[in-house]
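Enquirer: So that we are looking at the same thing, I have put the structure below in structure tokens.
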């Protein structure tokens, strides 16, 4: 079977890709995610779009190895979702429903885990079997790949990197209800929060302005040699580097991939994280490599396809 | 093939077990570990012992599925050890050498990972696929089982639970060279250290005596209602509970198994760990169960046999 589909379901759009099973993306496209009526149209819409792509390309059922799907929620190893924050779904047997809609083999996984798998297959982790991917966006997500497979866990909640506690003294509450989560210091909003706290202490020695703080503004100022920005990025790097050292002691990865919007700051970001990682890494993990993600928004469809290819 | 061997190589003795592949221990025995001359006799001694057991039981080569071996060192997925602390071995191709000595299929793994596998197969984690085992002995070791397999990692150093950092303010150095490792607070020696520190502040309000402090003395005093002992166990439980909450966010286990000499304190220990775990666990992990290990010193030979049975 020469082809498979990778599907990445998000709250606004569903991204889809047609892949050759040896590892090339033939074509990608997207459709709107219709979340109304508890998201009942989402899977039928995807099935219809894949079917019309097969007709357009004159590809028959027997040429398709299957459909991999990434979903923004915990997904267990039977392809079942208990709840979603932004698709409208409650309990949903994604694997079974999509199988019935298409007659094809289906596998489903959490979107962050699937994106990590994509980076391992075709991106920054190419050729590796043991990898951590951290996605620094509005929140902090991630996926941990062990011996070629993402850690799914008992409740489909493996790889919740953003919610490991890195500061037991924190008094502000994280979106998850706890305090001191990695997400509170290293997401785009977390970096902005660190910057705001710094400027509350002293805002006279920096080009940063309280009115338009952002993670990008902080890294831009750092590149211009701003000392306050450097303090903020040191703090960010300390939290992320130390958290990665603890994760490495548990999963012993070959490479740690940093992705998401914040990672657009570039290699300078890696330098600060790696420095603090080395301070605390177990001796067997000191040489773990840090790299930036390469696939951007395509990581999800690539990893979803890889679920099928295995 | 009805039988397999489980071998657990330690610094003083090698424990061995003959198992039926459906999961019963037929017989166990042990021999001395001869570590002199860079441990060159260890594997030949084991091979000879297994051979004489086969002769005694009139079991032929074709009835043996293979030999699983647990080793007190990182072991990569090719069954290669780079170095050992207490066997005398440097670089050693354990899987290849043992295969040549016996003509049987061989698999090798780290002893703590293998013990975790044993508890999952026949002990406290029976029927589970996702499990963390923490062994609280002289040091702190452990194994993390994901989807039925131990996390080995890129350097065979997966599951180094004792060396995640839980206190960035610590000024005493851990055996690994870092500071603030879980092992410094939750091993038998770590608990003794916490007790010593407590008595240095105030030793007038407790039955504990500086001269004969031990983890056992602390838990015995706790059971008699000693307040200072309770403070010490609270501190122990805080470090271990919070560390397990962070590990659960990454690996999402069904159950966390606590073993090693310290766990002989019994269920009271679990109560203190579980309380602090719940304070910090990600919502998907709040219901994770805590249980005591069941197999004691047999966990190693059981898990080694399970490496073969798969």
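Protein chains in written order, with my numbering: chain A, 771 to 1080; chain B, 771 to 1080. Each residue gets a CB set at the ideal place from its N, CA and C atoms; glycine is no exception.
One question on the structure: do residue 911 (chain B) and residue 888 (chain B) come within less than 8 Å of each other, judged by their Cβ atoms?
Expert: As a position in the second chain, residue 911 (chain B) is number 141, starting the count at 1. As a position in the second chain, residue 888 (chain B) is number 118, starting the count at 1. No, Cβ-Cβ distance for residue 911 (chain B) and residue 888 (chain B) is not below 8 Å.
Enquirer: Against chain A, which members of the region 943-977 of chain B pass a CB distance test of less than 8 Å?
Expert: Of all residues in the region 943-977 of chain B, 946, 947 and 948 have a Cβ within less than 8 Å of some Cβ in chain A.
Enquirer: Considering only C-alpha positions, which residue in the set A:1055, A:987 and A:1074 is nearest to residue 1035 (chain A)?
Expert: Mapped onto the first chain, residue 1035 (chain A) falls at position 265. Answer by Cα proximity: A:987.
Enquirer: Pull up the DSSP beta-bridge partners for residue 951 (chain B), would you.
Expert: Indexing the second chain from 1 puts residue 951 (chain B) at position 181. Partner(s): B:935.
Enquirer: Going by DSSP, what residue range makes up the beta strand (DSSP E) through residue 789 (chain A)?
Expert: Locating residue 789 (chain A) in the first chain gives position 19, where the first residue counts as 1. Looking at the DSSP string, the run of the beta strand (DSSP E) that includes residue 789 (chain A) is 783-790.
Enquirer: Determine, using beta carbons only, whether residue 872 (chain A) and residue 820 (chain A) come nearer to each other than 8 Å.
Expert: Counting from one through the first chain, the residue named residue 872 (chain A) turns up at place 102. Counting from one through the first chain, the residue named residue 820 (chain A) turns up at place 50. Closer than 8 Å, so yes.
Enquirer: Since residue 1006 (chain A) and residue 1038 (chain A) should fall inside the 8 Å C-beta cutoff, what is the C-beta to C-beta distance between them, to a whole number of angstroms?
Expert: Your numbering for residue 1006 (chain A) matches position 236 in the first chain. Your numbering for residue 1038 (chain A) matches position 268 in the first chain. Residue 1006 (chain A) to residue 1038 (chain A), Cβ: 12 Å. No contact.
Enquirer: Just the C-alpha distance for residue 1048 (chain A) and residue 884 (chain B), rounded to the nearest angstrom, thanks.
Expert: Looking up residue 1048 (chain A) in the first chain gives position 278. Looking up residue 884 (chain B) in the second chain gives position 114. Their Cα atoms are separated by approximately 28 Å.
Enquirer: Under 7 Å, CB to CB, which of the residues in the region 828-860 of chain A have a partner in chain B?
Expert: Within the region 828-860 of chain A, the residues whose Cβ lies closer than 7 Å to some Cβ of chain B are 844, listed in chain order.
Enquirer: Where does residue 901 (chain A) land, buried or exposed, given buried means 16+ other C-beta within 10 angstroms?
Expert: Numbered from its first residue, the first chain carries residue 901 (chain A) at position 131. The residue is buried, with at least 16 neighbouring Cβ atoms inside 10 Å.
Enquirer: Can you tell me which residues form a DSSP beta bridge with residue 862 (chain B)?
Expert: To locate residue 862 (chain B), count along the second chain from 1; it is residue 92. Paired residue(s): B:851.
Enquirer: Just to confirm before moving on: does the CB-CB distance between residue 1025 (chain A) and residue 1061 (chain A) stay below 8 Å?
Expert: Reading the first chain from its first residue, position 255 is the one you call residue 1025 (chain A). Reading the first chain from its first residue, position 291 is the one you call residue 1061 (chain A). Yes, these two residues count as a Cβ contact at 8 Å.
Enquirer: Rounded to a whole number of angstroms, what is the C-alpha to C-alpha distance between residue 943 (chain B) and residue 965 (chain A)?
Expert: What you label residue 943 (chain B) is simply residue 173 of the second chain in a count that begins at 1. What you label residue 965 (chain A) is simply residue 195 of the first chain in a count that begins at 1. Spanning the two alpha carbons is a distance of roughly 33 Å.
Enquirer: Between which residues of its own chain and residue 952 (chain B) is the CB-CB distance below 6 Å, once the five residues before and five after are set aside?
Expert: As a working note, residue 952 (chain B) is residue 182 in the second chain. Around residue 952 (chain B): 910, 932, 934, 936 and 1013.
Enquirer: Cutting at 6 Å between CB atoms, please list the residues of its own chain near residue 843 (chain B), excluding the five before and the five after it.
Expert: As a first step, residue 843 (chain B) must be located in the second chain, where it is residue number 73. Same-chain partners within the cutoff: 851 and 854.
Enquirer: For residue 1066 (chain A), which of A:903, A:1043 and A:947 has the nearest alpha-carbon?
Expert: Residue 1066 (chain A) sits at position 296 when you count from the first residue of the first chain. Here the closest residue by C-alpha is A:903.
Enquirer: Do the CB positions of residue 813 (chain A) and residue 867 (chain A) come within less than 8 Å of each other?
Expert: Stepping through the first chain from its first residue, residue 813 (chain A) is reached at position 43. Stepping through the first chain from its first residue, residue 867 (chain A) is reached at position 97. Contact flag set, yes.
Enquirer: Based on Cα-Cα distance, which residue from A:930, A:1015, A:967 and A:861 lies nearest to residue 946 (chain A)?
Expert: Counting from 1 along the first chain, the entry for residue 946 (chain A) is found at position 176. That would be A:930, whose Cα lies nearest to the Cα of residue 946 (chain A).
Enquirer: Are any of the Cβ atoms in chain B nearer than 8 Å to that of residue 916 (chain A)?
Expert: Position 146 of the first chain holds residue 916 (chain A). Yes - at least one Cβ of chain B is within 8 Å of the one on residue 916 (chain A).
Enquirer: Determine whether the beta carbon atoms of residue 711 (chain A) and residue 830 (chain A) lie at a separation below 8 Å.
Expert: Since the first residue shown for chain A is 771 and the last is 1080, residue 711 (chain A) is missing from the structure and cannot be characterised.
Enquirer: I'd like to know whether the C-beta atoms of residue 840 (chain A) and residue 1074 (chain A) end up nearer to each other than 8 Å.
Expert: For this step, residue 840 (chain A) is matched to residue 70 along the first chain. For this step, residue 1074 (chain A) is matched to residue 304 along the first chain. The answer is yes: Cβ separation under 8 Å.
Enquirer: Taking its Cβ as the centre, do 16 or more other Cβ atoms sit within 10 Å of residue 971 (chain B), making it buried, or is it exposed?
Expert: Position 201 of the second chain, counted from the first residue, corresponds to residue 971 (chain B). It is exposed - the Cβ of residue 971 (chain B) has fewer than 16 other Cβ atoms within 10 Å.
Enquirer: Cβ of residue 968 (chain B) within 8 Å of Cβ of residue 1001 (chain B)?
Expert: Indexing the second chain from 1 puts residue 968 (chain B) at position 198. Indexing the second chain from 1 puts residue 1001 (chain B) at position 231. For residue 968 (chain B) and residue 1001 (chain B), yes; Cβs fall inside 8 Å.
Enquirer: Work out the CA separation of residue 865 (chain B) and residue 848 (chain B) for me, nearest whole Å.
Expert: Position 78 of the second chain, counted from the start, is the residue given in the question as residue 848 (chain B). Position 95 of the second chain, counted from the start, is the residue given in the question as residue 865 (chain B). Roughly 7 Å separates the two Cα atoms.
Enquirer: If the cut is a Cβ gap below 8 Å, which residues of chain B does residue 1020 (chain A) touch?
Expert: Numbered from its first residue, the first chain carries residue 1020 (chain A) at position 250. Here the neighbours are 914, 921, 928, 929, 930, 931, 934, 1017, 1020 and 1021.
Enquirer: Using a Cβ-Cβ cut-off of 8 Å, state whether residue 1046 (chain B) counts as contacting chain A.
Expert: Working through the second chain from its first residue, we reach residue 1046 (chain B) at position 276. So no, residue 1046 (chain B) is outside the interface.
Enquirer: Counting only C-beta atoms, is residue 866 (chain A) closer than 8 Å to chain B at any point?
Expert: Your numbering for residue 866 (chain A) matches position 96 in the first chain. Judged by the 8 Å Cβ criterion, residue 866 (chain A) is not in contact with chain B.
Enquirer: What are the residues of the region 1034-1064 of chain A that lie near chain B, defined by any Cβ-Cβ distance shorter than 7 Å?
Expert: Flagged, chain order: 1050, 1052, 1053, 1054 and 1055.
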